[in-house]
Amino acid sequence: MPKKAKPAGTGKEEGPVPCKQLKMEAAGGPSTLNFNGPSGLFESLISPIKTETFFKEFWEQKPLIIQRDDPALATYYQSLFKLSDLKGLCSRGMYYGRDINVCRCVNGKKKVLNKDGKVHFLQLRKDFDHKRATIQFHQPQRFKDELWKIQEKLECYFGSLVGSNVYMTPAGSQGLPPHYDDVEVFILQLEGEKHWRLYHPTVPLARQYSVEAEDRIGRPTHEVTLKPGDLLYFPRGTIHQADTPPGLAHSTHVTISTYQNHSWGDFLLDTISGLVLDTAEEDMAFRAGIPRQLLLQVETAAVATRRLSGFLRKLADRLEGTDVLLSSDMKKDFVMNRLPPYYEGDGAELSTPGGQMPRLDSVVRLQFKDHVILTVGPDQSRSDETQDKMVYVYHSLKNRRALHMMGNEETECHGLRFPLSHVDALKQIWTSAAVSVKDLKLTTDEEKESLVLSLWTECLIQVHNHFHKLLVSPLGRLICHLQSGLKWDTEFKQA
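Numbering-wise, numbering that gives the first Met the number 0 puts 118 at position 119 of the sequence shown, and it's gapless, one number per residue.
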């Protein structure tokens, strides 16, 4: 058992908040998660807390502990991942470091007990039973369908990558020292019990992981023991440590995390480079050379500071006065690396466009909207200096589940690119419940048919022939809005 945290400094500190003040009964709540949509899933995940309350009072602000007395939900949580699942997973070829880490907290430090190469279940179980080591399984959504189903919906809900790790810890042991993370964390307790201690952050909303010495973190602000079916949330930067109480069975929990490098600062860095390049094309002042020997000076000259301030004001004015799609690497990175849509079966039938080929008299609607993004950037197919702007349609319909959150260089980019003149027509498709092909904002009928044919080939739109009269009625629009499809595709193509 780790030692209790000691107070830091000489000031008087309050002890941890009593658990009874944090306990929230989920009487009458759902017994399983709601998969009807991203919002429904998140609402059921944090039930009985309302979504509005969560984002107003807890998100990025303070921890939330939900202790439930719901045997059905506890059983469902236990089905997400069990210690006994490791035997079958190891037989599929797991490797130390990539898929599994074995570690233990010893004297406030993390001791890694990994072997080399392939993981063998008997050795893993030996380290677990005899060395009291914690087993950390990386990104189990690659293998567990239910976690894929949960995390795919959460990626749609947050618009950010959602990863997970499973931690299995023997009784009377602790895997990791006190530390904080650079992600928003949701803990789902699956098996056994886990004793958690949370502390005031030294770096609120931290941008990187860091270990903290126990004699510097003070007393816990929150202390609780989670049981199957319970949930714990805390913001990035929250210092935490957890152990399995002695004398009990092992503990298994899954950590679901999101919002890594997803701050306003990250978005500003992503947006401003494209904004500067666009402005420089039109404003000669941005293309003028900097003063001689400016880079050799120890301190930035006052004239340079004033000039840069003026440029920033110009950029702000330009940004506020435009609704043009800005080039965004964050968008592309998200859609390239996220999970593909969840499906049952082998999904082979979902790689072929369904229904009839679109025509000029067709009505079309976007499908898989949460898995598709629009952005503008230079024509990547041209190597000359005069690169025209193109509008890009990126999608995740053919992303490989096995590579999710693994930092693999094999990740591919799937989608289409169109001339910038097509952006208004694409916005029509994106913002409408359904739109007639002949009403698209393009000059010629040939362009209209070519656009929808390209999107249909990528399985990004549904086609309704002869439904135009129906769609102009309120009932028709409602029917179209409620319809959904199941198709996704691959490769980056030029339309």
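All C-beta atoms in this analysis are idealised placements derived from N, C-alpha and C, irrespective of residue type, glycine included.
* So, using beta-carbon positions, are Val390 and His413 closer together than 8 Å? -> Against the sequence shown, residue 390 aligns to sequence position 391. Against the sequence shown, residue 413 aligns to sequence position 414. No, they are not a contact pair.
* Assigned secondary structure, Leu454 (DSSP; H/G/I helix, E/B strand, else coil) -> Mapped onto the sequence shown, residue 454 falls at position 455. The answer is helix: DSSP assigns Leu454 an H, G or I state.
* Which value, in whole angstroms, describes the spacing of the CA atoms of Leu247 and Leu225? -> Mapped onto the sequence shown, residue 247 falls at position 248. Mapped onto the sequence shown, residue 225 falls at position 226. So the two alpha carbons sit approximately 13 Å from each other.
* To do: Assign His252 to one of two classes, buried (16 or more other C-beta atoms within 10 Å of its C-beta) or exposed (fewer than that).
  => Position 253 of the sequence shown holds residue 252. The residue is buried, with at least 16 neighbouring Cβ atoms inside 10 Å.
* Assuming Arg196 contacts Glu222 (C-beta within less than 8 Å), just tell me the rounded distance between them. => Sequence index remark: in the sequence shown, residue 196 carries index 197 (1-based). Sequence index remark: in the sequence shown, residue 222 carries index 223 (1-based). Taking the Cβ atoms as the reference, Arg196 lies roughly 5 Å from Glu222, within the contact range of under 8 Å.
* **Helix, strand or coil at Lys468 according to DSSP, with G and I counted as helix** => Position 469 of the sequence shown, counted from the first residue, corresponds to residue 468. Caution applies to Lys468, whose pLDDT of 46 falls short of 50 and renders its modelled position unreliable; the model cannot decide the point.
* Could you please give me the residues that DSSP links to Cys104 through a beta bridge? => In the sequence shown, counting from the first residue as 1, residue 104 sits at position 105. Bridge partners of Cys104: Lys109.
* Using alpha carbons as the reference points, say which of Pro70, Ile134, Glu319 lies closest to Arg103. => Here residue 103 refers to the residue found at position 104 when the sequence shown is read from its first residue. Between Arg103 and the set Pro70, Ile134, Glu319, the nearest pair of CA atoms involves Ile134.
* In the structure shown, what three-state DSSP assignment does Thr489 receive? -> Against the sequence shown, residue 489 aligns to sequence position 490. With a pLDDT of 35 at Thr489, under the threshold of 50, the predicted position of this residue should be treated as unreliable, and no value is reported.
* Is the CB-CB distance between Leu267 and Glu190 below 8 Å? -> Taking the sequence shown and counting its residues from 1, the one referred to as residue 267 is at position 268. Taking the sequence shown and counting its residues from 1, the one referred to as residue 190 is at position 191. Their beta carbons are not under 8 Å apart, which means Leu267 does not touch Glu190 by this criterion.
* **His239, buried or exposed, once every other Cβ within 10 Å from all chains shown has been counted against 16** => The sequence position of residue 239 within the sequence shown is 240, counting from 1. Burial call: buried.
* Taking the Cβ atom as the reference point for each residue, do Leu441 and Val371 lie within a distance shorter than 8 Å? -> By 1-based counting over the sequence shown, the position of residue 441 is 442. By 1-based counting over the sequence shown, the position of residue 371 is 372. By the CB criterion at 8 Å, Leu441 and Val371 fall outside the cutoff.
* Cβ atoms of Asp98 and Leu112: under 8 Å apart, would you say? -> Mapped onto the sequence shown, residue 112 falls at position 113. Mapped onto the sequence shown, residue 98 falls at position 99. Contact flag unset, no.
* To do: Could you tell me which residues DSSP pairs with Asp242 in its beta bridges?
  => One-based indexing of the sequence shown puts residue 242 at position 243. For Asp242, which the question treats as bridged, DSSP gives the partners His194.
* Asked: Below 8 Å between beta carbons: does that hold for Ile186 and Leu146?
  -> As a first step, residue 186 is located in the sequence shown; it is residue number 187 there, counting from the start. As a first step, residue 146 is located in the sequence shown; it is residue number 147 there, counting from the start. No; because the gap between Cβ atoms is not below 8 Å, this pair is not in contact.
* **Residue from Gly162, Val297, Lys426 whose Cα sits closest to the Cα of Phe417** => Counted from its first residue, the sequence shown places residue 417 at position 418. Of Gly162, Val297, Lys426, the smallest CA-CA separation from Phe417 is found for Lys426.
* Asked: Out of Val334, Tyr179, Gln60, Ser172, which has the shortest C-alpha to C-alpha gap to His403?
  -> Working through the sequence shown from its first residue, we reach residue 403 at position 404. Val334 is the residue among Val334, Tyr179, Gln60, Ser172 whose C-alpha sits nearest the C-alpha of His403.
* Counting Cβ pairs, one atom from each stretch, are 3 or more of them under 8 Å apart for the stretch 430 to 445 and the stretch 349 to 363? -> Using a Cβ-Cβ distance cut-off of 8 Å, the stretch 430 to 445 and the stretch 349 to 363 are in contact, since at least three pairs of beta carbons, one from each stretch, lie closer than that value.
* Among the residues of its own chain, which have a CB less than 8 Å from the CB of Tyr208, if the five just before and after it don't count? -> As a working note, residue 208 is residue 209 in the sequence shown. Same-chain partners within the cutoff: His178, Tyr179, Asp180, Asp181.
* **Per-residue DSSP class, three states only, for Val302** => Sequence index remark: in the sequence shown, residue 302 carries index 303 (1-based). In the three-state scheme derived from DSSP, where H, G and I count as helix and E and B as strand, Val302 is classed as helix.
* Can you check whether the CB of Tyr95 is closer than 8 Å to the CB of Lys110? -> Reading the sequence shown from its first residue, position 111 is the one you call residue 110. Reading the sequence shown from its first residue, position 96 is the one you call residue 95. No, they are not a contact pair.
* Kindly list the residues whose CB is nearer than 8 Å to the CB of Leu450, restricted to its own chain and excluding five residues on each side of it in sequence; keep chain order. => Counting from one through the sequence shown, the residue named residue 450 turns up at place 451. These residues qualify, in order along the chain: Phe417, His421, Ala424, Leu425, Leu439, Leu441, Ala494.
* Where does the unbroken alpha helix (DSSP H) through Gly39 begin, and where does it stop? -> Position 40 of the sequence shown, counted from the start, is the residue given in the question as residue 39. Unbroken alpha helix (DSSP H) run through Gly39: 37 to 44.
* Thinking C-beta only, is Pro339 closer than 8 Å to Asn260? -> One-based indexing of the sequence shown puts residue 260 at position 261. One-based indexing of the sequence shown puts residue 339 at position 340. Going by C-beta atoms, Asn260 is not nearer than 8 Å to Pro339.
* Asked: If we call anything under 8 Å between Cβ atoms a contact, is Glu59 one with Pro234?
  -> Here residue 59 corresponds to residue number 60 of the sequence shown, with the count starting at 1. Here residue 234 corresponds to residue number 235 of the sequence shown, with the count starting at 1. Yes, the pair counts as a contact, with Cβ atoms nearer than the cut-off.
* Taking Asp69 as the reference, give the member of Thr50, Phe80, Arg91, Ser46 with the closest Cα. => As a first step, residue 69 is located in the sequence shown; it is residue number 70 there, counting from the start. It is Ser46 whose Cα lies nearest to the Cα of Asp69.
* **Contacts around Thr50, its chain only, beta-carbon distance under 6 Å, and the 5 residues preceding and following it disregarded** => For the purposes of this step, residue 50 is taken as the residue at position 51 of the sequence shown. Hits under 6 Å: Glu42.
* Run through DSSP, which three-state label would Met283 get? -> For the purposes of this step, residue 283 is taken as the residue at position 284 of the sequence shown. Met283 sits in a helix when the DSSP states are folded into three classes.
* **Own chain, CB closer than 8 Å to Leu32, minus 5 neighbours either side, in chain order** => Taking the first residue of the sequence shown as position 1, residue 32 is located at position 33. Contacts found: Leu40, Ser43, Leu44, Tyr75, Ile149.
* Taking Cβ positions, are Ser547 and Asp242 nearer each other than 8 Å? -> Here the chain has residues from 0 to 494 only, and residue 547 is not among them.
* Which value, in whole angstroms, describes the spacing of the CA atoms of Ile216 and Pro62? -> Counting from 1 along the sequence shown, the entry for residue 216 is found at position 217. Counting from 1 along the sequence shown, the entry for residue 62 is found at position 63. CA-to-CA, the gap between Ile216 and Pro62 works out to about 17 Å.
* Kindly indicate which three-state DSSP category Glu446 falls into: helix, strand or coil? => Along the sequence shown, one-based indexing puts residue 446 at 447. DSSP, reduced to helix, strand and coil, places Glu446 within a helical segment of the structure shown.
* Please work out which residues of its chain come closer than 6 Å, Cβ to Cβ, to Ser395, disregarding the five sequence neighbours upstream and downstream, and give them in chain order. => Position 396 of the sequence shown, counted from the first residue, corresponds to residue 395. Counting only Cβ-Cβ distances below 6 Å, and skipping sequence neighbours, we find Val334, Arg337, Pro339, His370.
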